[in-house]
Amino acid sequence: MNDQPQKKYRNATALCALATAAALLVAGAAQSLKREAVQAQGQPVSAKNSFSSYYTPKASASQEIPGASLPVTQEEERYRVTLYEGKIGVFRGGEDEPFLIADVSAYLLPEEDVEILRRGIEVDSFTGVKQVLEDYR
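Remember, this note's numbering sits 17 above the position in the sequence shown when you count from 1.
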């Protein structure tokens, strides 16, 4: 018998086995690198004060209007939305530490938005804060 055709099949079979092993190795590596969920930071929001209950879609974003706000639903208080450790932080009044940090990476934002956030956005109400944060999500 002729061994030549069997050698061709052996080579093809070995090549397929090698490709399958490589694919399994890549799939296993991808599964091991899967990101874990990041715990949310800040205060929980009750259902009656959820972000979507006061949000009205608009054609233009409010982030370039320094005093942008909606009707006050919580007590009158000043907030400052600015960059904090590579993310967006919300500060009450003149506090040094943010009470809320949005999980939005600053390096993913356009340069104009980063510059606006560096200067800081002053907002009159927590509802206005929610609107500004919605613009950056």
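Where a beta carbon is used, it is the ideal one built from N, C-alpha and C, also for glycine.
Considering only their Cβ atoms, is the gap separating residue j from residue i smaller than 8 Å?
i       : j       : result
Val-107 : Leu-117 : yes
Gly-137 : Ala-123 : no
Val-146 : Val-140 : yes
What residue from the options has the CA that sits closest to residue i's CA?
i       : options                              : result
Gly-110 : Thr-144, Arg-95, Glu-151 and Lys-104 : Arg-95
Pro-127 : Leu-50, Lys-25 and Tyr-153           : Tyr-153
Leu-134 : Ala-29, Leu-150 and Leu-35           : Leu-150
Glu-112 : Leu-125, Asp-120, Ala-46 and Arg-97  : Arg-97
Val-121 : Ala-38, Tyr-26, Ile-105 and Leu-32   : Ile-105
Tell me where the alpha helix (DSSP H) around residue i begins and ends.
i       : result
Arg-135 : 128-136
What are the start and end residues of the beta strand (DSSP E) that includes residue i?
i       : result
Leu-100 : 96-101
Leu-150 : Premise fails: Leu-150 lies in the alpha helix (DSSP H), 143-152, not in any beta strand (DSSP E).
Gly-106 : 104-109
Leu-50  : Unbroken run through Leu-50: none, as it is neither H nor E.
Ala-119 : 117-119
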